Amino acid sequence: MKRRRSKTIDSRIVDLSAMVNTPCEERGELLFADMHEVSLSMIQRVSVRHSDAALLSRSEESVERDDTDTNDAEISADGDALNNEKSEADLDEEPEEEGIVDDPQLNDVSNGSDAQKSDEIKDAVPKPVQSERRDPVTSKKRGPDNQTLLRLLEQGEQLHSMFRCARVQGLDTSEGLLLFGREHYYVVDGFTLLKTREIRDLDFLPQELHDPIVPYMACGATRPSRRTRLCSKFSYDDIREVHRRRYLLQPIAIEVFSADGRNYLLAFPKRMRNRVYQKLVSMAKALKDGGVESVSGQRSSVPVEQTGRVSLLTSLIGQQSVTQRWIRGEMSNFQYLMHLNTLAGRSYNDLSQYPIFPWILSDYSSEVLDLTNPHSFRNLSRPMGAQSAERLGQFLKRYREWDDPSGETPPYMYGTHYSSAMIVVSYLVRLEPFTQQFLKLQGGHFDLADRMFHSVADAWLSASRNNMADVKELIPEFFSLPEMFLNSNHFDLGIKQNGVALDDVILPRWAKGDPREFVRIHRQALECDYVSANLHNWIDLIFGYKQCGEAAVESCNVYHHLFYEGNVDFENIEDPLTRNATIGFINNFGQIPTQLFKKPHPQKKVAYTDSYSSVPGVTTQRLFYHSLDCLKVPQLPIKELKSAVGALHALEKGGVLALEANRVLLSTNRYISWGFPDRSIRIGIVDSDRSMCIHELCESAEVTCCACGDSRTLFTGSTMGTICVWNVMERLPRLRARRTLSAHTEAVTALLVCAPQTLLVSASRDCTAILWHLSSLTFIRQLRPHPAAVTAVAVNDTTGDIATASSSLLFVWSINGQILAVVNSIDSSYVEHIPNIILSIAFSTMNEWDEENVVMCGGSDGVVRIYSIEMVEGDNDSCAQTEHPSSVQTLSQSSTASLQQHLERQRRRLRMGSSGSSLDTPSAESQAESPEPSISPAVYDCFESSTWDSIVNMRKWSQDGPTQCVWQRMLVPRASLTTHTAFFRKDNLRPAPITAIAPSKDHKSLFIGDGVGRVWQWQMGDEVGSRVDHWVQDPSRSSCTQCQQRFSIAERRHHCRNCGHIFCSRCSRFESDIKHMKITKPVRVCQGCYLRLKAQGTS
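So in this note's numbering the end of the sequence shown lands on 2110, straight run, no missing numbers.
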């Protein structure tokens, strides 16, 4: 018998370069972008050619199976015989039956060798049934079907289950197949299963033969649209969570969360959802069944609303509901609302069920937001339609006088919803891909300029008072995404009737014109004491017992009946026009979340044992960066290693895990080490020198740094500037090269993985830092070149801010590559200049809305410097010369002169403010008007001595007013930790450079690792009011910290009792009590500390 020639993949159909076998990978536009352009003749040429006898025999077997097993939902098979998978459409006839077909032919194939199995399985894919094969017209319309689908899977993949599905993304749905293999499952767009158990390409399938899972009307279309397809591959090891979801108010969807950050919302034919859910749960190997790290915040078996007996039982077995943890203050209000949205079925993948957040404030006009005034907030016990008594009266009148002759529509108060697809895309219209979604809803053009989202204050007035058709709430991005307020893409949004052109969103005055500051203060308002005490009332309206019934009527919270779950059954609507209209109404006008609480929600009452309030009206737990002036370190380190400390990992239950240099943590008990003479990479056990695996790199480039994405992925940087990606085999520890990333031109100096932001950051001696996507391993952006080699990097897990170090300069960037602030860690006012190279950086990540959050850096001089990013007020004159410079040389020449002019104007204002009062004790008026935030000379050093030009482009936010204030974001020094490690201190017996910094998990202490292997723990001391560690010694300063005035016999040195820095008499003439140091009488403080202490004392 003539042996069949093995089939090869035609490169014209599938891009072979994109098919890399990886544990988790998404194959995107390369595979399907031009599929619709492939001619039919080409598709026919790559189809499998079978002999007539084989075709006839297999067709007869296929027809026989159709007659006997037409009601089967799944077919188990060993191999890639995709055509033997049963169509889910057949299940609609008898959904209770589930059959498993054993095909002798497939069993024979599975028992053979791998090579023979691969060839025979590909040849075993049957052609259409005989009746279709005789029709030349139908045969001509066939697409690549089975063979194209086979080429998209992992090599040698064996499928055992297949389901029809529709991937929901925004307003669009892409129908395809969900395939289950041995180690992976696939979501492939553009294919479907027919009742004849054929796999057909939707682009080549006649419309009358296709029964879509999601009607086209739900997506605003009259026919299936052709778009870029995706073939996504997921490893079962990467499945973290699986949740049942609604789609179009029907229980037909599932949302799957993957470890690499991807999450898909999949809709299935009716009565298929639970079966697929059980399949995914059974195949998942590392499923997280709830808890603190899950998106739902609790175990799936724990009810959200707990009665007395259930609460007692769950507490005894250690299972806490998300509500109980919120009441005790274990999570923030933002986190709790996100968990409730997830439990109620809200998803980022479905714009019609987008997460809902409340309007918090009603004051959008004040210069300073007062969080202690109840009038600054909205009424959280009333919906948006009831915020104004006059407008509520009109809604109630419509509700009482409602009369529907047909009786199909019950009375309602609000005909529009508080959350819909149009509301979401109108908020996010300045960001892609929401811009395209907005244009799709508007027929390809922007809405009238007067109806576009242009001002936060106007949006509040429209939703709370002025517009009868507007009762919308907010979305989470108002508390987390400052980029949504900027028209960075320069879209032409139109001109309003008053002649104002739409561009960036107009922010309240208390935001200082800065979107990041607006998001921070807005988030701070969400976490303040008033909102925490009243948020349960809003939860009752949206997720609780006031959502429907008599309680909803009493609370004026009744919406159109089609917004509620259970009021519509599409299967019982026979009229196609009525059915499509109902689907379109639900998809476009909003859906009420699933009701979570049947009883009133409990109120949050938290009494902190050690409370702290830097802003009146906001009470939090005292953290280490709140008490920098009383941090204490013991005389002996808590740990000592054999060599320099390379990494510090704070443990959940307290303590820290310290690793030596050239080691990174791979898992809880394993680490990766490098830097050996044989250029090998080794896997070792924590607290042991024994190596489990030694991987020799032979003649490869020397490894300079490493980072671990998870326990199965390793990144290594080399002297050649390349980044190698390795797969770590867990069962038999070994390394397998996966991919090489090339972008740097010199040696890689640092690698950092940030899993929460899905980022890989690489730094190099070529003065660049590059951001990579952690899961797709693609280039994102390059941070602007630094003046020297980048020595250290850090990423804030909560905000995504990035800190880089180059020599003695510390840079802070946004996740989108915008420079936020720069500071020089070398202070020129010191008498003795000690060279410093920053070696380690760390962020404080708790309470990201707290303005006192810090950035910490440690250097070769043994000093840990702690900075806060603050908005500093200036004027247009002082910033005009650096706002739009013509060149870097112009900046270098004018920076010193502009600095001197700014300082001279500041001195004049201080003199004028102090007239009529003593030099050291200013009057109340001068205290209220004259002080300005202090500006560290370290910031000025960056302007004067550096030729780096990125700081010039730092955005300055102007605020209209009589003085034309300009606000700049700067790194302001807060403290310096020098005990035991600083080289300039004579009392340190063994100084050493700072090589690692890490705050504890609860942010109650700070861990420092040095170059001789010691780990120090700085803690908040019980003794307050004593002399702080960073009290600067007199001989170390030759000039004032603020105004650079040279000290002499006539100009004495004065210490600020709060920060410990040295100032001249004029800059330290302010006096204030210091409550946190138990200093009740006014003492000398500097200008910056005076303003901070005054703000803390105002209530």
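In this text, a Cβ means the ideal position worked out from N, Cα and C, and glycines have one as well. For clarity, every value in this text was computed on a predicted model and none was experimentally measured.
Check	Outcome
Pick from Pro1416, Pro2093 and Ile1683 that is closest to Phe2081, judged by C-alpha positions	Pro2093
Beta bridge counterpart(s) of Asp1998 as assigned by DSSP	Asp1998 is not bridged to any residue.
Delimiting residues of the alpha helix (DSSP H) encompassing Glu1565	Glu1561 to Glu1565
Strand pairing of Asn1738, partner residues [DSSP]	Thr1724 and Arg1747
C-alpha gap between Ile1830 and Val1675, whole angstroms	29 angstroms
Element boundaries [alpha helix (DSSP H), containing Asn1352]	Asn1344 to Leu1354
Integer Cβ distance of Cys1567 from Met1424, believed to fall under 8 angstroms	6 angstroms
Three-state secondary structure (DSSP) of Glu1484	coil
Neighbourhood of Tyr1410 by C-beta distance below 8 angstroms, restricted to the same chain and skipping five residues each side	Pro1422, Tyr1423, Met1424 and Val1569
Assumed close pair Asn1807, Tyr1636 - CB separation to whole angstroms, cut-off 8 angstroms	Incorrect: roughly 13 angstroms between the Cβ atoms, too far for contact.
CA-to-CA distance, Glu1757 to Cys1709, given in whole angstroms	21 angstroms
Asn1498 and Arg1441 closer than 9 angstroms at C-beta	yes
Asn1548: first and last residue of the uninterrupted beta strand (DSSP E) it sits in	Unbroken run through Asn1548 is the alpha helix (DSSP H), Asp1540 to Ile1553; no beta strand (DSSP E).
Other residues of its chain near Gln1448: CB distance less than 6 angstroms, five sequence neighbours each side excluded	Gly1181, Leu1182 and Val1436
Strand pairing of Val1675, partner residues [DSSP]	Ile1683
Closest by C-alpha distance to Ile2114, when choosing among Ala1774, Leu1277, Pro1648 and Arg1527	Since the first residue of the chain shown is 1012 and the last is 2110, residue 2114 is not available in this structure.
Arg1531 burial status per 10 Å Cβ neighbour count (16 or more: buried)	buried
Local Cβ density within 10 Å of Lys1290, reported as buried at 16 or more and exposed below that	buried
Ser1243 and Val1306 closer than 9 angstroms at C-beta	no
Residue environment, Gln1508, which counts as buried when at least 16 other CB atoms sit within 10 Å	exposed
Close-in-space but distant-in-sequence residues of the same chain around Leu1485 (CB under 7 angstroms, 5 per side omitted)	Phe1368, Pro1369 and Trp1370
Beta carbon of Val1874 nearer than 9 angstroms to that of Leu1988	yes
Opposing strand residues paired with Glu1186 [DSSP bridges]	Ala1177
Leu1259 versus Met1731, Pro1604 and Ala1814, residue with shortest Cα-Cα distance	Pro1604
For Glu1266, three-class secondary structure by DSSP	strand
9 angstroms Cβ cutoff met for Ile1224 and Arg1175	yes
Cα-Cα separation, Arg1792 to Leu1746	28 angstroms
Leu1204 versus Leu1160 - alpha carbon distance	12 angstroms
Cβ separation of Leu1642 and Gly2032, assumed to be a contact under 8 angstroms, to the nearest whole Å	7 angstroms
Cβ-based burial, Ala1814 [other Cβ within 10 Å; buried from 16]	buried
Own chain partners of Lys1609 with C-beta closer than 7 angstroms, once the 5 adjacent residues on each side are dropped	Glu1316 and Tyr1556
Continuous beta strand (DSSP E) stretch holding Arg2025: start and end	Arg2025 to Met2031
Same chain only: Cβ atoms within 6 angstroms of Pro2010, ignoring 5 sequence neighbours per side	Ser1855 and Leu2017
First and last residue of the uninterrupted beta strand (DSSP E) at Glu1165	It is not in any beta strand (DSSP E) - Glu1165 carries neither H nor E in the DSSP assignment.
Close Cβ partners of Asn1680 (< 8 angstroms) along its chain, the five nearest in sequence each way excluded	Ile1696 and Val1697
Residue(s) in a DSSP beta bridge with Ile1826	Its beta-bridge partners do not exist; DSSP assigns none.
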